[in-house]
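Peer 1: Please read through the structure below; I'll follow up with questions.
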Amino acid sequence: MRIPIDTFSLPNGLFVTLSEDHTAPIVAVNLWYHVGSANERPGRTGFAHLFEHMLFQGSADVEANEHFELVQRAGGTLNGSTWLERTNYFETVPSNQLELALWLEANRMGKLLPAMTQQKLDTQRDVVMNERRWSMDNQPYGTWMEKLPALCFPVEHPFNHSLMGSMDDLTAASLDDVAQFFATYYTPDNAVLSIAGDFDPGEAHRLIEKHFGDIPRGAGKPPLPDMSLPPVFGQWKREVVPDDVMLPRLFLAFRSPAFGTEKYYAASVCGAVLGLRNGSRLRRRLVRERQIAADASAFTYDLAKGSDLLVVDATARPGVSAERLEQEVAHEIDTIVRDGIEAAEVERAVAVIQTSFVSALQEAGERADRLSLFATYFRAPELVNEEVNRYQAVTVEHVNDFIRERLGENNRASLLYVAREETPVELANASAAVATP
Amino acid sequence: MSASVSGKAARPTPGAPREYHFPRFERRRLENGIELIVAPVTKLPLVTVAILSDAGSVCDPAGREGIAQLAAKLMLEGGTEKCDGTELTERFERLGASIESQADWDAAAITMTALSEHLADSFDLLSEVLRTPAFRSREVERLKAERMAELLQLRTEPRGLADELFSRFLYNASSRYARPEGGDEQSVVGIDRDQILAFYENRYLPGGTTIIVAGDISADRAEELSRRAFGSWAGGKPTRILADDHPASHQRGVHIIAKGDAPQSELRIGHVGIPRNHPDFFPVNVMNAVLGGLFNSRINLNLREVHGYTYGAFSGIQWRRQAGPFVVSTAVKSDITDAAAREILSEINRIRAEAVAPEELSLATSYLDGVFPIRFETTSAIAAALAVLVVHGLPDDYYDQYRTRVRGMTIEGILEAAHRHLHTDSLQMVVVGDPGVVRPLLDQLGFGPITLYDSSGAPLGSVNEPTTVRHAG
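Residue numbers (our numbering), protein chains in the order written: chain F, 1 to 437; chain U, 1001 to 1473.
Printed below as a string of C-alpha cells:
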C-alpha cells in the first residue's frame, strides 16, 4: 500500500509534505525541528528538552497554557517530544480546525520570544526536574536512558550526553540561552511541516503561506562535529549499575549501521528476529524454553547520523544471577554469530513488521510523523512508501552478514543492573577496571 | 523577529465541521449462542478480531486470585491440543498477525490484528485456541513464575506499587477489587493446571462469547468465517459474577509505604467511585475532565503549571461493572508532599462547593465532543469501543448519542455530580515515599490517621499512635 505524497518549499526554506486521506474528518499537523540533544553545548545538557516545554508556554498572541487549551477546546490531541536528533510538535484536530493548528505552530515559530519570562522558565525547570525524578531517578532501571548512550558513544560525541540533562545544567539554563537557542534552531529553514488527513491541498497551501510565509529564514546553525564512528566498539565495554531493583537487568548494545542506510534494514530485521514479539528468538529461548529471563526484547535507536545502536534488553527471572543473565544472553548471541539464523525467522520478522507498519498508518498523526521523519533526515518523505519494500528486500544472507560483522565480542557494550546490596565483588571490580567516563 | 506585542492577533475561526458517525455495525447470532458484531471499515487492508469471554478477574474463586489472567495468557502460551505454545505463536506471527490474550476485571479478550489477506487462516487458528487450549503444565508453571517476578519487581516500582496498594486500602478486605487483578504471592502460588482447566470449562462458553470484527471485511464474510470456525462449538452460558465494591472504611486514612531515600513521593488520593453504567456517567465524566481529566484541568494546572510540583497530576475513574476507584494520581518532590496533597484536597472541595465557570465546562464538553472521531481511527480502537458496549450492556446507539449527551451537560449538572459522587470525608491517601521526610509533613497536614507500611504492604511497627486530626479541608 502507498499513501499519496505532495511536497513543496516556501521561499524561507520551510519544507512541507502533504498526504490526503478523506476517510474521516480528521487532520494531523506535525512539525519537526532538526535539533535535538546532540546540538546542545557543554554545560547545557537537557536544554533541547527544557526548550520543548517552553514552547507550550505561549507566544506573542497566545497566553501561557493557552496552546493546550485552544487545541483541546477544538477537540484535538497534541504533544511534543525531544530526541537526540530532532524535536517534534504535533496535533490531530477535527479537519475544520486545520487553520487553528497551523496558526498556533506558526505563532510560536515566528513570535515565541516576546512571551518568554523568567517565571515561566523557572516553573518549567521545576517541571522538568520532576520529570527527571519521575522517569529516571525514582524508577527502577530508569537511569539506563542516560547511562547507555554514555557507555556507547565517546565522551566528546554529540550522542554521549544525557537527553534529560543533569540537575546542575538545568539549574544553569538562563533566558538568554532560551533566546539564543530559539534564534539558532527554531527557524523555518530548519523545520519540516507535514499535514496528513482530511484537507484540501490548495487551501492547505494557501494557509501555510499565509501563516508561515513571513517568518524569516534563520542565520544558519553551527555544524555538528564529525559524527562518524568505526563500525565496532573494538572491545566489550562493561558497566555494572547497583540500583534499587529486585531483579538483574541487562542492556546489551551493538554499534550498528545508521538509520535509513541499506544495511540499517538488515540490522532492524535482526533486532526483530531477536526480540520483537513472543515468537522472537530471545523470548523463545530465554523466556519460554530455558526460563532464564522474565522478559526479553530488542530495539534500535534509529539514529541517522554516524552510527546507530541495536540493543537487547533482558530481565532475569528470580533466582538467576546477574552474571548468569549476561552469560546466557551472550551465549544466544554467540550461537547466532557461529551458526547464523534461519530464513523462516526473517520471514516471521518481516511479516510482523509489515502488519505493524500498516496498522500504524491508520492514524493521521502517525502518517504525518513518518513523513516528517523522512523529510527531516533525508529530504525524501516518499521513502515512507518504500519502507515495506525495503524490509521485504532483506534476505537471511543480509541479516547473517550483519550478525557476523556486528554482533561479535569486539562490538558489545553491556549495562548490567544489579540489586544494590547484592553487587558481586568481581563485577564491581570489572566495572571499575573498564571505567567509562 | 518582528513581533508586535500590542494586542493579540485574532484567532482563526473554524469552518463547519464535516459530519461523522461512529462506524456502522451489525449484530448477528450463531445457534450456539455466540454473538457476532461486525463493523466494516475499508480504509486499509486490515482487520481486528476481538473475542470476548465472560472470564474476567472478578470470576476468580476466593483464594485463587489471578486464575483469570493466567488462564487468558495460557490460551496462547499454553498451546492447543495440536501444537505447543511456541508453534502456535509462530503460526500467527508468520502470518504477520499481532495477537494478545488477556483478562481485565470484567472480561477476557483474545485480540488479533492481521492483514485482510491472511484473515481466513488466522480465524481458523483462533478457533483452535479458543476451543482446544491445552494449558501445558510446564507453561502454567512458567507463567506463575513470571507473575511472581512481576510482583517482586513491584516492590521497587513506586508507581505500580502505589496503584496496587491504593486498591488494597480502598476496598473491603474480602472484595475481589482489594487484591491485584493478576493475583498476589499468596494466591498465585497455589494455582494449578486442574484449577485453570476447570476455570476454562466454566467460563469460556459459547453462550458467553462475543466475536467482534472491525475492518476490511463484510458482515456476511465475517459470519461465514465465524460459522466455519465456531459454529460447532457446543456449550452453555456462564453465570454472571459481580464484585463486592464496598469500601474498607468510611473514614479518611493516610497510608505511607516506606521507600527510603525516594526523591519523589508517588501520591494517590481517592475513594470508591461509581459503576460504568451508572446513570450519572456523563456528568461525572465531564466533571472529572474539569477537575483532573484534561491537561488544562484544575489539578494539573495547579500542581504543574502554577506550582511546578510535578511532571503531571490527573484524576480519573476506573470504569468497571461495579464501582471502580476514583483516584487523583501524581508524583511530587518529597519535601512538598503535604503541600501537593493540600492543593488536591482543596480542588476536590472547590468543585463540590462552587459551580464551574462556563468556559471550564465548555472546554471539557467541546474537547470530548470534538475528539470523538479521533478516538476511532484504527480497527483496534473500533473493536475496543464495541467491546465496551458488550461488557457494560450499553445500547447500540450509545456512540451515536454520545456527542449529543456530552453537549447537553450543564453547570448545575456538574455541581450536582461533584456533590453527589465526590466524598471528601472518606478519602484515602497512599504515599510511596521516604517516611523520614513525608511522615512529619503529613502529621502536620492532619489529613487523617497515618499508618506506615513496608513495600509488601505489611504494617510497620505496632499500633499506630492516634494522630490529632486537624482537618485540612
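Backbone N, C-alpha and C define an ideal beta-carbon position, used for all residues, glycine too.
No experiment lies behind these values; they were computed from the predicted model shown.
What residues from the segment 336-357 of chain F come within 9 Å of chain U, judged by C-beta to C-beta, listed N to C?
Peer 2: Cβ contacts with chain U: A344, E347, R348, A349, V350, A351, V352, I353, Q354, T355 and S356.
Peer 1: Determine, using beta carbons only, whether I1037 of chain U and R1027 of chain U come nearer to each other than 7 Å.
Peer 2: Along the second sequence, one-based indexing puts residue 1037 of chain U at 37. Along the second sequence, one-based indexing puts residue 1027 of chain U at 27. Contact flag set, yes.
Peer 1: Taking the continuous beta strand (DSSP E) assigned at T17 of chain F, which residues delimit it?
Peer 2: Along the first sequence, one-based indexing puts residue 17 of chain F at 17. Where T17 of chain F is concerned, the enclosing beta strand (DSSP E) stretches over F15 to E20.
Peer 1: Across the segment 383-398 of chain F and the segment 345-359 of chain F, are there enough close Cβ pairs to call them in contact, namely three or more that are closer than 8 Å?
Peer 2: Counting Cβ pairs under 8 Å, three or more are found: they touch.
Peer 1: In terms of residue numbering, what span does the beta strand (DSSP E) encompassing Q1102 of chain U cover?
Peer 2: For this step, residue 1102 of chain U is matched to residue 102 along the second sequence. Taken as a continuous stretch (DSSP letters only), the beta strand (DSSP E) holding Q1102 of chain U covers S1098 to A1103.
Peer 1: At what residues does the beta strand (DSSP E) containing L310 of chain F begin and finish?
Peer 2: Residue 310 of chain F sits at position 310 when you count from the first residue of the first sequence. Element bounds for L310 of chain F: D308 to A316.
Peer 1: Name, please, each residue of chain U whose Cβ falls closer than 9 Å to the Cβ of M1 of chain F.
Peer 2: Counting from one through the first sequence, the residue named residue 1 of chain F turns up at place 1. What M1 of chain F touches in chain U: L1044 and P1045.
Peer 1: Do you know how far the Cα of S1265 of chain U is from the Cα of V1332 of chain U?
Peer 2: Sequence index remark: in the second sequence, residue 1332 of chain U carries index 332 (1-based). Sequence index remark: in the second sequence, residue 1265 of chain U carries index 265 (1-based). Rounded to the nearest angstrom, the two C-alpha atoms are 5 Å apart.
Peer 1: Going by DSSP in three states, V1005 of chain U sits in which element: helix, strand or coil?
Peer 2: Position 5 of the second sequence, counting from 1, holds the residue named residue 1005 of chain U. At V1005 of chain U, the pLDDT of 41 sits below 50, so the modelled position is not reliable; the number obtained from the coordinates is stated separately. Coil, per DSSP.
Peer 1: Does chain F have any CB closer than 7 Å to the CB of I1374 of chain U?
Peer 2: Numbered from its first residue, the second sequence carries residue 1374 of chain U at position 374. Yes, its Cβ sits closer than 7 Å to a Cβ of chain F.
Peer 1: Between U:R1176, U:E1201, U:V1272 and U:A1381, which has its C-alpha nearest P1238 of chain U's C-alpha?
Peer 2: For the purposes of this step, residue 1238 of chain U is identified with residue 238 of the second sequence, where counting begins at 1. Ranking the options by Cα distance to P1238 of chain U, first place goes to U:E1201.
Peer 1: Hey, quick one: how far does the alpha helix (DSSP H) through K210 of chain F stretch, first residue to last?
Peer 2: Walking along the first sequence from the start, residue 210 of chain F turns up at place 210. First-last of the alpha helix (DSSP H) with K210 of chain F: P201 to F212.
Peer 1: Among residues of its own chain, excluding the 5 on either side of F378 of chain F, which ones have a beta-carbon nearer than 7 Å to its beta-carbon?
Peer 2: Position 378 of the first sequence, counting from 1, holds the residue named residue 378 of chain F. Excluding positions up to five away in sequence, the list reads G260.
Peer 1: For N1296 of chain U and chain F, any beta-carbon pair shorter than 7 Å?
Peer 2: In the second sequence, the residue the question calls residue 1296 of chain U occupies position 296. Output row for N1296 of chain U: interface = yes.
Peer 1: Can at least three beta-carbon pairs, one atom from the segment 366-377 of chain F and one from the segment 22-31 of chain F, be found at a separation below 8 Å?
Peer 2: Yes, they touch.
Peer 1: Taking the CB atoms as reference points, tell me whether I1269 of chain U and L1427 of chain U lie closer together than 7 Å.
Peer 2: Position 269 of the second sequence, counted from the first residue, corresponds to residue 1269 of chain U. Position 427 of the second sequence, counted from the first residue, corresponds to residue 1427 of chain U. Result yes, Cβ atoms of I1269 of chain U and L1427 of chain U sit closer than 7 Å.
Peer 1: Using the DSSP secondary-structure output, state which residues sit across from R412 of chain F in a beta bridge.
Peer 2: One-based indexing of the first sequence puts residue 412 of chain F at position 412. Paired residue(s): F:W236.
Peer 1: Does any residue of chain U have a CB that is nearer than 7 Å to the CB of V396 of chain F?
Peer 2: If you number the first sequence from 1, residue 396 of chain F lands on position 396. With 7 Å as the cut-off, V396 of chain F does not count as an interface residue toward chain U.
Peer 1: Is any beta-carbon of chain U found at less than 7 Å from that of L14 of chain F?
Peer 2: In the first sequence, counting from the first residue as 1, residue 14 of chain F sits at position 14. Judged by the 7 Å Cβ criterion, L14 of chain F is not in contact with chain U.
Peer 1: Go ahead and pull the three-state DSSP assignment for F1025 of chain U.
Peer 2: Here residue 1025 of chain U refers to the residue found at position 25 of the second sequence. The answer is coil: DSSP assigns F1025 of chain U none of H, G, I, E or B.
Peer 1: Quick one: what's got a C-beta closer than 7 Å to R217 of chain F's C-beta in the same chain, skipping five residues either side?
Peer 2: As a working note, residue 217 of chain F is residue 217 in the first sequence. Counting only Cβ-Cβ distances below 7 Å, and skipping sequence neighbours, we find N12, G13, T187, P188 and D189.
Peer 1: Give me the Cβ distance between Y1399 of chain U and H1255 of chain U, rounded to the nearest whole Å; I'm assuming they're in contact under 8 Å.
Peer 2: Along the second sequence, read from residue 1 onward, the residue named residue 1399 of chain U stands at position 399. Along the second sequence, read from residue 1 onward, the residue named residue 1255 of chain U stands at position 255. The Cβ separation is near 39 Å, so there is no contact.
Peer 1: Pull up the distance between the alpha-carbon of N1464 of chain U and that of V1328 of chain U, whole angstroms please.
Peer 2: As a first step, residue 1464 of chain U is located in the second sequence; it is residue number 464 there, counting from the start. As a first step, residue 1328 of chain U is located in the second sequence; it is residue number 328 there, counting from the start. Below a pLDDT of 50, predicted positions are generally treated as unreliable, and N1464 of chain U, at 45, falls in that range; no measurement from the model is reported.
Peer 1: Measure from the C-beta of Q119 of chain F to each C-beta in chain U and report whether the shortest distance is under 7 Å.
Peer 2: Residue 119 of chain F sits at position 119 when you count from the first residue of the first sequence. With 7 Å as the cut-off, Q119 of chain F does not count as an interface residue toward chain U.
Peer 1: Buried or exposed: K1082 of chain U, going by 16 or more other Cβ atoms within 10 Å of its Cβ?
Peer 2: The residue given as residue 1082 of chain U occupies position 82 in the second sequence. Per the 10 Å Cβ criterion, exposed.
Peer 1: Spatial neighbours of S1127 of chain U within its chain, please: C-beta separation below 6 Å, excluding the five flanking residues on both sides.
Peer 2: Translated into positions along the second sequence, residue 1127 of chain U becomes position 127. Around S1127 of chain U: A1229 and F1230.
Peer 1: State the DSSP-derived secondary structure class of V35 of chain F, mapped to helix, strand or coil.
Peer 2: Translated into the one-based positions of the first sequence, residue 35 of chain F becomes position 35. Correct three-state label for V35 of chain F: coil.
Peer 1: Answer yes or no: does any C-beta atom of chain U fall closer than 7 Å to that of T87 of chain F?
Peer 2: As a first step, residue 87 of chain F must be located in the first sequence, where it is residue number 87. No, because no Cβ of chain U sits closer than 7 Å to the Cβ of T87 of chain F.
Peer 1: How long is the line joining the alpha carbons of T1330 of chain U and G1312 of chain U, rounded to whole angstroms?
Peer 2: Position 330 of the second sequence, counted from the first residue, corresponds to residue 1330 of chain U. Position 312 of the second sequence, counted from the first residue, corresponds to residue 1312 of chain U. Those two C-alpha atoms are separated by around 6 Å.
Peer 1: May I ask you to report which of helix, strand or coil DSSP gives K1333 of chain U?
Peer 2: Taking the second sequence and counting its residues from 1, the one referred to as residue 1333 of chain U is at position 333. Note: K1333 of chain U maps to strand in three-state DSSP.
Peer 1: Just confirm the distance between the C-beta atoms of R1557 of chain U and C1059 of chain U, as a whole number of angstroms; I'd bet it's less than 8 Å.
Peer 2: Past the edges of chain U, shown from 1001 to 1473, lies residue 1557 of chain U, and the structure says nothing about it.
Peer 1: So who's on the other strand from Y417 of chain F, going by DSSP bridges?
Peer 2: Counting from one through the first sequence, the residue named residue 417 of chain F turns up at place 417. DSSP lists F:V241 and F:R249 as partners of Y417 of chain F.
Peer 1: Within the chosen definition, does the segment 1247-1263 of chain U reach the segment 1294-1305 of chain U through at least 3 CB pairs nearer than 8 Å?
Peer 2: Verdict: no, contact absent.
Peer 1: Mind pulling the alpha helix (DSSP H) runs of 4 or more residues that sit fully within the segment 368-402 of chain F?
Peer 2: Taking only runs of at least 4 residues, the alpha helix (DSSP H) segments lying wholly in the segment 368-402 of chain F are 387-392.
Peer 1: Tell me the DSSP secondary structure of V1213 of chain U in three-state form.
Peer 2: The residue you call residue 1213 of chain U lines up with position 213 of the second sequence. Strand.
Peer 1: Tell me which residues share the same chain as S1462 of chain U and place their Cβ nearer than 8 Å to its Cβ, disregarding the 5 neighbours each side in the sequence.
Peer 2: Residue numbering aside, residue 1462 of chain U sits at position 462 when the second sequence is read from its first letter. No answer about S1462 of chain U holds up, because its pLDDT of 43 lies below 50 and its placement is not dependable.
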